[in-house]
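Q: Pasting in a structure now, in structure tokens, and then I'll have a few things to ask.
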Amino acid sequence: LLQVDVSQLIPSLCKMSSTYGPIFTIHLGSRPCVVLSGFSVLKETLMDRAEEFSGRGDFPAVQQWSHGNGETHTHPP
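Going by the numbering used here, the first residue of the sequence shown is number 3, and it counts up by one from there.
Shown next as structure tokens:
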């Protein structure tokens with residue numbers, strides 16, 4: 003988490019994906035958070051394998067950031 007510049011969250015995560023690949027885990031406090039980067043990975047996870055991933059627990063920080071939608075996504079600048 004120390005590698006993530008929270009003031010530039012999306013660019014920081016994009017930079018990390020170029021180092022660690024399109025799927026990696028960061029820890030926010032004591033909770034692991036899986037980061038997915040790239041259309042094909044997002045499509046496979048959220049559409050093709052939606053049932054397998056639908057039981058994931060809530061993440062309070064994401065709930066607050068996404069205004070209760072439970073997921074966040076964006077594209078690189």
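Glycine residues also receive a C-beta, built at the ideal position from the N, C-alpha and C atoms.
Since this is a predicted model, take the numbers as computed values, not measurements.
With DSSP as the reference, identify every bridge partner of VAL37, one or two as the case may be.
A: Sequence index remark: in the sequence shown, residue 37 carries index 35 (1-based). Note: VAL37 sits in a beta bridge opposite PHE26.
Q: Assuming GLU46 is part of the alpha helix (DSSP H), what are its boundary residues?
A: As a first step, residue 46 is located in the sequence shown; it is residue number 44 there, counting from the start. Neither: GLU46 is in no alpha helix (DSSP H) and is coded neither H nor E.
Q: Please tell me whether VAL43 and PRO24 are closer than 8 angstroms, where the distance is taken between their beta carbons.
A: Residue 43 sits at position 41 when you count from the first residue of the sequence shown. Residue 24 sits at position 22 when you count from the first residue of the sequence shown. Yes. Within cutoff.
Q: Secondary structure at VAL8, three-state DSSP: helix, strand or coil?
A: Locating residue 8 in the sequence shown gives position 6, counting from the first residue. Three-state DSSP puts VAL8 in a helix.
Q: Could you tell me the distance, in whole angstroms, from the CA atom of ASP50 to the CA atom of ILE12?
A: Here the question's residue 50 lines up with position 48 in the sequence shown. Here the question's residue 12 lines up with position 10 in the sequence shown. Whole-angstrom Cα-Cα distance: 25 angstroms.
Q: Put SER56 into one of helix, strand or coil per three-state DSSP.
A: On the sequence shown, position 54 is the one that residue 56 refers to. Coil, per DSSP.
Q: Measure the C-alpha to C-alpha separation of LEU2 and VAL37 and round it to an integer number of angstroms.
A: Nothing about residue 2 can be read from this structure; the chain reaches only from 3 to 79.
Q: Closest by CA to GLY40, which one among GLN10, VAL6 and SER19?
A: Taking the sequence shown and counting its residues from 1, one reaches residue 40 at position 38. Checked all of GLN10, VAL6 and SER19; the closest Cα to GLY40 is SER19.
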